[in-house]
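As structure tokens, the structure follows; a few thoughts come after it.
2 protein chains.
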Amino acid sequence: MTTVVNGVNVEALLGAREVLKGAPEAAQFTWRASSAWRHGVESTVTIQNYFGLGQEQSHKEESVFEADHPEIFAATDHGITPIEYLLVGLASCLTAGVASVAENRGIKLHSVEATLEGHHDIRGILGADSDVRNGFNDIKVTFSIDADASKEDIEALVAQSQKRSAVFDALTNPTNVTVEVA
Amino acid sequence: MTTVVNGVNVEALLGAREVLKGAPEAAQFTWRASSAWRHGVESTVTIQNYFGLGQEQSHKEESVFEADHPEIFAATDHGITPIEYLLVGLASCLTAGVASVAENRGIKLHSVEATLEGHHDIRGILGADSDVRNGFNDIKVTFSIDADASKEDIEALVAQSQKRSAVFDALTNPTNVTVEVA
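In order, the protein sequence lines correspond to chains A and B.
So in the working numbering, spot 11 of the first sequence is number 208, and the numbers just go up one at a time.
So in the working numbering, spot 129 of the second sequence is number 326, and the numbers just go up one at a time.
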């Protein structure tokens, strides 16, 4: 299959899968970010370099993100809140998966839109109730997809995307996070 | 304590904590994102509106984020990868926490920087080894903080920030994520 229907180079990805089966060390990536506090609860996070395929790599451009809290939290609202960045990652990861799986199945996509809702009881982070967790209570993602495929085939795309999604896994399963002071 | 040392309005936050103890329904927030697939594995995610304190709310400005995959993944690298957005959220959440706790303890911060590393075995998402998870293996955060405080007091700031961090909780503990097709 050489016809690219959605712009995803599935052949390259399938080739990488075969190569990495025999070279697990090349599959070990390290994604990096660096952050700097600005003022109040505002900070700037910069991303450009990472490690993978056995060597240092770099995105074509440096990306810089602002995070803050809204005015109703007595802050300056110079950027979205940290927890909202998790929704950015989840939306884009599931969408990339839908496009990749559709490509692999020869399904032409016309549009893939999603709305996400993360429910959050802020009594946790404020310390108002120790029984309330700090993070999201739950997250709901609703896709609206226009494609040359049946409803069942579209639902199967979304299901397979979830199954292979890095961010879906990172949010639905625990990860060990170590925080140190240099 | 009315002296603002780091620009965090702690009095307002402590006031909110007291108010929300008696008004749990006002503490129920819904953070929202909407995404649109562009081409290949690239998508755009938009954030502006959310719900909280019993009514619809809005950030001062709409924020738009691009996510993509790098050229070594045979993609166009028009933005950072979805999983890197999780590092943006984690860095900014822990940093906001350090600033807030420092404010509450009367500790003047001069700089708060952090470097994050997320280790990721991409054999999971590629389907090369079903025993490898899709998400991060683990994440390491290293803070470098200059403040008018002892090393022990600085370490205590970071520890308390972790304890109240929405994103730290969301990554270290599981969250139920429901994905549907409209």
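Cβ coordinates follow ideal geometry from the N, Cα and C atoms, glycine included.
Just so you know, these numbers come straight off a predicted model, no measurement behind them.
Should the stretch 350 to 359 of chain A be called in touch with the stretch 206 to 214 of chain A, which here means at least 3 C-beta pairs below 8 Å?
-> With a cut-off of 8 Å, the stretch 206 to 214 of chain A and the stretch 350 to 359 of chain A do not count as touching, because too few Cβ pairs lie within range.
Which whole runs of the alpha helix (DSSP H) in the stretch 305 to 366 of chain A are 4 residues long or more, in chain order?
-> Those alpha helix (DSSP H) runs which fall completely within the stretch 305 to 366 of chain A and span 4+ residues are 320 to 323 and 348 to 360.
Closest to Pro279/A by CA distance: which of Ala379/A, Ser297/A, Ser347/A and Glu239/A is it?
-> Translated into the one-based positions of the first sequence, residue 279/A becomes position 82. Pro279/A has its Cα closest to that of Glu239/A, out of Ala379/A, Ser297/A, Ser347/A and Glu239/A.
When the distance is taken between beta carbons, is Val338/B closer than 8 Å to Ala311/B?
-> Sequence index remark: in the second sequence, residue 311/B carries index 114 (1-based). Sequence index remark: in the second sequence, residue 338/B carries index 141 (1-based). Ala311/B places its beta carbon less than 8 Å from that of Val338/B.
For Val338/A, decide whether its Cβ has a neighbour in chain B, counting only Cβ atoms nearer than 8 Å.
-> As a position in the first sequence, residue 338/A is number 141, starting the count at 1. Yes, Val338/A counts as interfacial toward chain B.
Quick one: what does DSSP say Ile277/A is sitting in, helix, strand or coil?
-> The residue given as residue 277/A occupies position 80 in the first sequence. Residue state, collapsed to three classes: strand.
Closest to Leu313/B by CA distance: which of Ile336/B, Arg320/B and Ala272/B is it?
-> As a working mapping, residue 313/B is identified with position 116 in the second sequence. The candidate whose alpha carbon is nearest that of Leu313/B is Ile336/B.
What residues are listed by DSSP as bridge partners for His236/A?
-> Your numbering for residue 236/A matches position 39 in the first sequence. In DSSP, His236/A forms a bridge with Glu239/A.
Helix, strand or coil for Asn246/B, going by three-state DSSP, please let me know.
-> Numbered from its first residue, the second sequence carries residue 246/B at position 49. Asn246/B sits in a strand when the DSSP states are folded into three classes.
Validate contact between the stretch 241 to 260 of chain B and the stretch 295 to 306 of chain B using beta carbons, cut 8 Å, 3 pairs = Result no; under three Cβ-Cβ pairs closer than 8 Å.
Hey, is Arg214/B's beta-carbon within less than 8 Å of any beta-carbon in chain A?
-> Within the second sequence, the letter at position 17 stands for residue 214/B. At a cut-off of 8 Å between beta carbons, Arg214/B contacts chain A.
Contacts that Ile277/B makes with chain A (C-beta to C-beta distance below 7 Å) = Against the second sequence, residue 277/B aligns to sequence position 80. The answer, in chain order, is Ile244, His256 and Ser260.
Interface flag, Met198/B vs chain A, CB-CB below 8 Å = Mapped onto the second sequence, residue 198/B falls at position 1. Reliability of the predicted coordinates at Met198/B is poor, the pLDDT of 47 falling under 50, and no value is obtained from them.
Below 8 Å on the Cβ atoms is my guess for Val355/A versus Phe365/A; work out the distance and round it to an integer in Å.
-> Locating residue 355/A in the first sequence gives position 158, counting from the first residue. Locating residue 365/A in the first sequence gives position 168, counting from the first residue. Not confirmed; about 11 Å, so no contact.
Apply the 10 Å Cβ neighbour rule to Met198/A and answer buried if 16 or more other Cβ atoms are within range, or exposed otherwise.
-> Numbered from its first residue, the first sequence carries residue 198/A at position 1. Unreliable placement is indicated for Met198/A, whose pLDDT of 47 sits below 50; no coordinate value is reported for it.
Below-8 Å beta-carbon distance, Asn301/B vs any chain A residue = Working through the second sequence from its first residue, we reach residue 301/B at position 104. Not closer than 8 Å to any Cβ of chain A, the Cβ of Asn301/B fails to qualify, so no.
Whole-angstrom distance between Lys218/A and Arg330/B, CA atom to CA atom = As a first step, residue 330/B is located in the second sequence; it is residue number 133 there, counting from the start. As a first step, residue 218/A is located in the first sequence; it is residue number 21 there, counting from the start. When rounded, the separation of the alpha-carbon atoms in Arg330/B and Lys218/A is 14 Å.
In or out: His266/B buried (at least 16 other Cβ within 10 Å) or exposed?
-> For the purposes of this step, residue 266/B is taken as residue 69 along the second sequence, with counting starting at 1. Within 10 angstroms of the beta-carbon of His266/B lie 16 or more other beta-carbons, which makes it buried.
Length of the line joining the Cα atoms of Thr227/B and Leu250/B = One-based indexing of the second sequence puts residue 227/B at position 30. One-based indexing of the second sequence puts residue 250/B at position 53. One C-alpha to the other measures close to 10 Å.
Could you check the C-alpha separation between Gly276/A and Ala264/A for me, to the nearest Å?
-> The count along the first sequence starts at 1 and reaches residue 276/A at position 79. The count along the first sequence starts at 1 and reaches residue 264/A at position 67. Just so you know, the alpha carbons of Gly276/A and Ala264/A end up roughly 4 Å apart.
Below-8 Å beta-carbon distance, Ala209/A vs any chain B residue = What you label residue 209/A is simply residue 12 of the first sequence in a count that begins at 1. So yes, Ala209/A belongs to the interface.
From the DSSP output, in three-state form, read off Val205/A for me.
-> The residue labelled residue 205/A in the question sits at position 8 within the first sequence. Note: Val205/A maps to coil in three-state DSSP.
May I ask which residues mark the beginning and end of the beta strand (DSSP E) holding Ala223/B?
-> On the second sequence, residue 223/B is found 26 positions in, with the first residue counted as 1. Annotation: Ala223/B is outside any beta strand (DSSP E) and is labelled neither H nor E by DSSP.
When DSSP labels each residue in this structure, what does Arg302/A get in the three-state scheme?
-> Working through the first sequence from its first residue, we reach residue 302/A at position 105. For Arg302/A, the three-state secondary structure derived from DSSP is coil.
Spell out the partners DSSP gives Arg145/B in its beta bridges.
-> Because chain B here runs from 198 to 379, residue 145/B falls outside it and cannot be looked at.
Using a Cβ-Cβ cut-off of less than 9 Å, give me the residues of the stretch 301 to 324 of chain A that come near chain B, in sequence order.
-> Here the close residues are Leu306, Ser308, Val309, Glu310, Ala311, Thr312, Leu313, Glu314, Gly315, His316, His317, Asp318, Ile319, Arg320, Gly321, Ile322, Leu323 and Gly324.
What first and last residue would you give for the beta strand (DSSP E) that runs through Phe270/B?
-> For the purposes of this step, residue 270/B is identified with residue 73 of the second sequence, where counting begins at 1. Run containing Phe270/B: none; DSSP gives neither H nor E here.
Out of Arg320/B, Glu349/B and Gly332/B, point me to the one whose CA is closest to Glu215/A's CA.
-> Here the question's residue 215/A lines up with position 18 in the first sequence. Nearest of Arg320/B, Glu349/B and Gly332/B to Glu215/A, Cα basis: Arg320/B.
Based on the DSSP secondary-structure assignment, which residues constitute the bridge partners of Asn373/A?
-> Locating residue 373/A in the first sequence gives position 176, counting from the first residue. DSSP lists Asp335/B as partners of Asn373/A.
Can you list, in chain order, the residues of its chain whose CB lies under 7 Å from that of His307/B, leaving out five sequence neighbours each side?
-> As a working mapping, residue 307/B is identified with position 110 in the second sequence. Apart from sequence neighbours up to five positions away, the residues of its chain that approach His307/B with a beta-carbon distance below 7 Å are Asp343 and Ala344, ordered along the chain.
Starting from Ala264/B, follow the beta strand (DSSP E) in both directions and report where the run begins and ends.
-> Working through the second sequence from its first residue, we reach residue 264/B at position 67. Where Ala264/B is concerned, the enclosing beta strand (DSSP E) stretches over Gln252 to Ala264.
Could you tell me how far apart the beta carbons of Ser184/A and Thr292/B are, in whole angstroms, since I believe they sit closer than 8 Å?
-> Beyond the ends of chain A as shown, which are 198 and 379, falls residue 184/A; an answer cannot be given.
Contact set between the stretch 340 to 359 of chain B and chain A, restricted to residues whose Cβ is under 7 Å from the partner = Per Cβ criterion, the list reads Phe340, Ser341, Ile342, Ile351, Glu352, Val355 and Gln359.
Sorted by chain position, which residues of the same chain lie with C-beta nearer than 7 Å to Ala220/B's C-beta, five sequence neighbours on each side aside?
-> In the second sequence, residue 220/B corresponds to position 23, counting from 1. The beta carbon of Ala220/B sits closer than 7 Å to no other beta carbon from its chain once the five residues preceding and following it are set aside.
Using a Cβ-Cβ distance under 8 Å, would Glu253/A count as near chain B?
-> Numbered from 1 along the first sequence, position 56 holds the residue referred to as residue 253/A. Proximity of Glu253/A to chain B, defined by a Cβ-Cβ separation below 8 Å, is not satisfied.
Closer than 8 Å, CB to CB, is Val298/B near chain A or not?
-> As a working note, residue 298/B is residue 101 in the second sequence. Chain A, which has no Cβ nearer than 8 Å to the Cβ of Val298/B, makes this no.
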